[in-house]
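Going by this note's numbering, the letters in the sequence shown line up with residues 19 to 204, in that order.
Every residue, glycine too, gets a C-beta built ideally from N, C-alpha and C.
Down below is the structure, laid out as structure tokens.
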Amino acid sequence: MGSFEELRARCLGCTACRLSETRTNVVFGMGNEKSPILFVGEGPGEQEDLQGQPFVGRSGKLLDDFLAAVELDRSKVYIANIVKCRPPKNRDPLPDEEEACIGYLREQVRLIGPKLIVCLGRIAACKLIRPDFKITTERGTYTEKAGILMTATFHPAAVLRDPRKKADMFSDFIEIKHRYDQFVNV
Ligand code: URA
Ligand code: SF4
């Protein structure tokens, strides 16, 4: 019931861009549809494509660890991606693919009504915050856009490649949890 399920159904049948030709499953998103916090990644990887759920591979395990470290989990936040279908060989989504897909995320934002959007990595931050967003120097900063707080942290895959990023990502999650507590306590 409800328009969230209608939106999901529409997305699962989408053929609006070429990624529909190579996907196994559409990865619509998962989590708490009433959460004040929406995490946005880049697009499904191999495991996500096979299972139809976001962040269920190695990056997802690390995301779960960061959430758990600040006493959050997938029942308390919502997790989605810029593109809902896997780009072949995990290449970056192309601009026209992002443009074809972004309407689903916009609708998710409208229906969830998050107070804070957390971009996971450069692709999401450049699409949602600013095209020239620099993840290394600007992660952990907060801006407001159309009445919604926006921030970004590293993509978990970047931390898997370079564990020295772990401390900065952890401090970003501490702040995210601090905001979460404020949102649910008012
Ligand atoms: N990386 C992403 O950006 N999103 C996922 O869902 C999984 C890995
Ligand atoms: Fe549709 Fe998005 Fe999948 Fe492209 S990536 S086919 S726009 S759901």
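- In the DSSP assignment, K52 is bridged to no other residue.
- Its chain contains P54 as the residues whose beta carbon lies nearer than 7 Å to that of V202, once the 5 sequence neighbours on both sides are disregarded; these appear in chain order.
- In the displayed model, V58 falls within a strand according to three-state DSSP.
- For K163, the enclosing beta strand (DSSP E) starts and ends at 161-163.
- In this structure, Y96 and L123 do not form a Cβ contact; the two beta carbons are roughly 11 Å apart against a cut-off of 8 Å.
- Any heavy atom of ligand 2 within less than 7 Å of a residue's beta carbon puts that residue on the list, which reads C29, C32, T33, A34, C35, L37, S38, R41, V44, V101, K102, C103, E115, A118, C119, Y122.
- For E66, the shortest separation between its Cβ and any heavy atom of ligand 1 lies below 6 Å.
- Under a 10 Å Cβ-count criterion, R76 is classified as exposed, with fewer than 16 other Cβ atoms of the shown protein chains found around its own Cβ.
- Using a Cβ distance threshold of 7 Å, C103 and V58 do not count as a contacting pair.
- Take A87, set aside five residues on each side of it, and the residues of its chain with a beta-carbon closer than 8 Å to its own are F188, F191, in chain order.
- Taken from the Cβ of S77, at least one heavy atom of ligand 1 lies inside 6 Å.
- Inclusion of I130 and E51 in the CB contact set at 7 Å is warranted, their separation being smaller than that value.
- Out of D199, A118, Y198, D82, the CA that lies nearest to the CA of C29 is found in A118.
- Taken through DSSP and simplified to helix, strand or coil, V177 comes out as helix.
- Counting C-beta pairs with one atom in each stretch, the segment 106-120 and the segment 151-159 have fewer than three that are closer than 8 Å, which means they do not touch.
- If the five residues before and after A98 are omitted, its C-beta is found closer than 7 Å to the C-beta atoms of G47, L56, V58, P72, L123, Q126, all from its own chain and listed in chain order.
- Residue side-chain check: F73 places its Cβ nearer than 6 Å to a non-hydrogen atom of ligand 1.
- E66 is positioned such that its CB atom lies no closer than 7 Å to that of I141.
- For a cut-off of 8 Å, the C-beta gap from L134 to T169 is around 7 Å, short enough to register as a contact.
- In the three-state reduction of the DSSP assignment, C137 falls in the strand class, which pools E and B.
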